[in-house]
Amino acid sequence: MYQFVKNIVLRVLRVPPEPLDPMGEVGSLKVFRASPNFFKYRLYVWIIQKVFTAFALALGAGIYFAATLKSHPLTPTFLIFTFISFVGICIVALVHLAISFIMLRLDYEMRWYKITDRSLRIREGIIFVREMTLTFANIQNISISQGPIQRFFGIADLKVETAGGGAVAQPDHNGQSQLFSMHVGIFRGIDNYDEVRDTMLARLKKLRDSGLGDTDEHLQHAAHAPEVERGGGEPTDILAVLREIGNEAALLSKGATALFPPGN
Numbered sequence: 002m003y004q005f006v007k008n009i010v011l012r013v014l015r016v017p018p019e020p021l022d023p024m025g026e027v028g029s030l031k032v033f034r035a036s037p038n039f040f041k042y043r044l045y046v047w048i049i050q051k052v053f054t055a056f057a058l059a060l061g062a063g064i065y066f067a068a069t070l071k072s073h074p075l076t077p078t079f080l081i082f083t084f085i086s087f088v089g090i091c092i093v094a095l096v097h098l099a100i101s102f103i104m105l106r107l108d109y110e111m112r113w114y115k116i117t118d119r120s121l122r123i124r125e126g127i128i129f130v131r132e133m134t135l136t137f138a139n140i141q142n143i144s145i146s147q148g149p150i151q152r153f154f155g156i157a158d159l160k161v162e163t164a165g166g167g168a169v170a171q172p173d174h175n176g177q178s179q180l181f182s183m184h185v186g187i188f189r190g191i192d193n194y195d196e197v198r199d200t201m202l203a204r205l206k207k208l209r210d211s212g213l214g215d216t217d218e219h220l221q222h223a224a225h226a227p228e229v230e231r232g233g234g235e236p237t238d239i240l241a242v243l244r245e246i247g248n249e250a251a252l253l254s255k256g257a258t259a260l261f262p263p264g265n
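According to our numbering, numbering within the sequence shown proceeds without interruption in unit steps and concludes at 265.
Spelled out as structure tokens, the structure:
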């Protein structure tokens with residue numbers, strides 16, 4: 002039954018079942034998913050929210066019913082109207098709970114984290130789908146955050162930050178508009194965060210060894226000072242390089258003047 006509803010929802014919302022693989026060698030692809038404990042964590046939060054909501058609605062309905070009894074006599078018509086209203090509210094509440102649970106489950110199942118030797122791709126969301134691709138050559142920082150509740154469930158969020166800035170306003174899973182950075186990717190609710198981090202660091206090291214990507218220092222902090230590397234491996238200021246080029250140009254100009262004196 003659930004699979005049938007899932008297929009209908011994905012077809013109506015036009016959500017592809019799986020994102021395309023990011024750029025890189027085919028054999029290097031690794032796929033990670035959110036942990037089942039991440040769904041349990043979200044489910045418990047969802048249950049607590051719904052219990053408090055049901056309690057608030059029941060309390061409000063009880064107060065309203067008690068206040069109505071004071072101003073209206075307890076007639077058969079009033080009792081029938083109250084019963085029909087109660088049944089209607091229950092039906093609406095059950096439909097809401099079913100839809101809310103299905104969307105919660107789909108939000109967990111449709112989270113994708115793909116990594117190749119050159120880039121990674123993150124996709125999340127059902128109604129509002131967010132998908133981003135980050136290249137390893139631009140990665141500057143990798144961090145893991147884990148709150149006490151996440152620690153209890155054995156999950157964590159792994160954040161990947163790349164060079165650049167700026168954010169775009171997009172709706173979150175509750176439909177509220179929030180600013181999302183286009184240079185920060187988060188692997189939410191994973192239980193193999195050490196494996197994911199080690200995989201990224203190994204591929205970053207491979208890129209650095211091949212002469213691509215940032216150095217070890219730049220992995221933690223962005224480098225803004227302009228530098229050029231010579232064959233010896235030591236950084237040289239750009240002004241010194243330009244000065245050396247100017248001196249060589251002056252020597253070439255003097256040589257040309259000596260070979261072809263003016264007036265000849």
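Glycine included, every Cβ here is placed at the ideal spot set by N, Cα and C.
Remember, predicted model here, so these are calculated numbers, not experimental data.
**Q.** Pro20 and Arg124 closer than 7 angstroms at C-beta
**A.** Here residue 20 is taken as the residue at index 19 of the sequence shown, counted from 1. Here residue 124 is taken as the residue at index 123 of the sequence shown, counted from 1. Contact: yes.
Q. Whose C-alpha, out of Ser144, Met111, Phe79 and Met183, is nearest the C-alpha of Ile128?
A. Counting from 1 along the sequence shown, the entry for residue 128 is found at position 127. Selected option, being the one with the closest Cα: Met111.
Q: Please name the residue in Leu205, Val52, Val88 and Asp195 whose C-alpha comes closest to that of Gly155.
A: Residue mapping note: residue 155 aligns to position 154 of the sequence shown, counting from 1. It is Asp195 whose Cα lies nearest to the Cα of Gly155.
Q. Taking only runs of the beta strand (DSSP E) that begin and end inside the stretch 92–149, which ones reach a length of at least 3 residues, in chain order?
A. 113–116, 120–125, 131–136 and 140–146
Q) Nearest CA to the CA of Val10: which residue from Glu132, Leu159 and Ile100? A) Position 9 of the sequence shown, counting from 1, holds the residue named residue 10. Of the listed residues, the one whose Cα sits closest to Val10 is Ile100.
Q) Applying the criterion that 16 or more other CB atoms from any shown protein chain within 10 Å of the CB defines a buried residue, is Lys71 buried or exposed? A) The residue you call residue 71 lines up with position 70 of the sequence shown. By the Cβ neighbour-count rule, Lys71 is exposed, with fewer than 16 other Cβ atoms within 10 Å of its own.
Q: Could you pull out every residue in the same chain whose Cβ sits closer than 6 angstroms to the Cβ of Ile187, ignoring the five residues on either side in sequence?
A: Position 186 of the sequence shown, counting from 1, holds the residue named residue 187. Taken in chain order, the residues that qualify are Asp158 and Lys160.
Q: Return the chain-ordered ranges of every beta strand (DSSP E) run that is complete within the stretch 21–69 and spans a minimum of 3 residues.
A: When DSSP assignments are scanned along the stretch 21–69, the uninterrupted stretches of beta strand (DSSP E) that are 3 or more residues long and fall wholly within it turn out to be 31–33.
(Q) Within the continuous alpha helix (DSSP H) that includes Ala203, where are the two ends? (A) Mapped onto the sequence shown, residue 203 falls at position 202. Element bounds for Ala203: Tyr194 to Asp210.
Q | Residue nearest to Gly126 in terms of C-alpha spacing, selected from Tyr3, Leu14, Asn8 and Met2 | A | Within the sequence shown, numbered from 1, the residue matching residue 126 stands at position 125. Ranking the options by Cα distance to Gly126, first place goes to Leu14.
(Q) So, for Ser36: in the same chain, excluding its five sequence neighbours on each side, which residues have a beta-carbon less than 7 angstroms away from its beta-carbon? (A) Here residue 36 refers to the residue found at position 35 when the sequence shown is read from its first residue. So the qualifying residues of the chain are Ile156, Gly190, Ile191 and Asp192.
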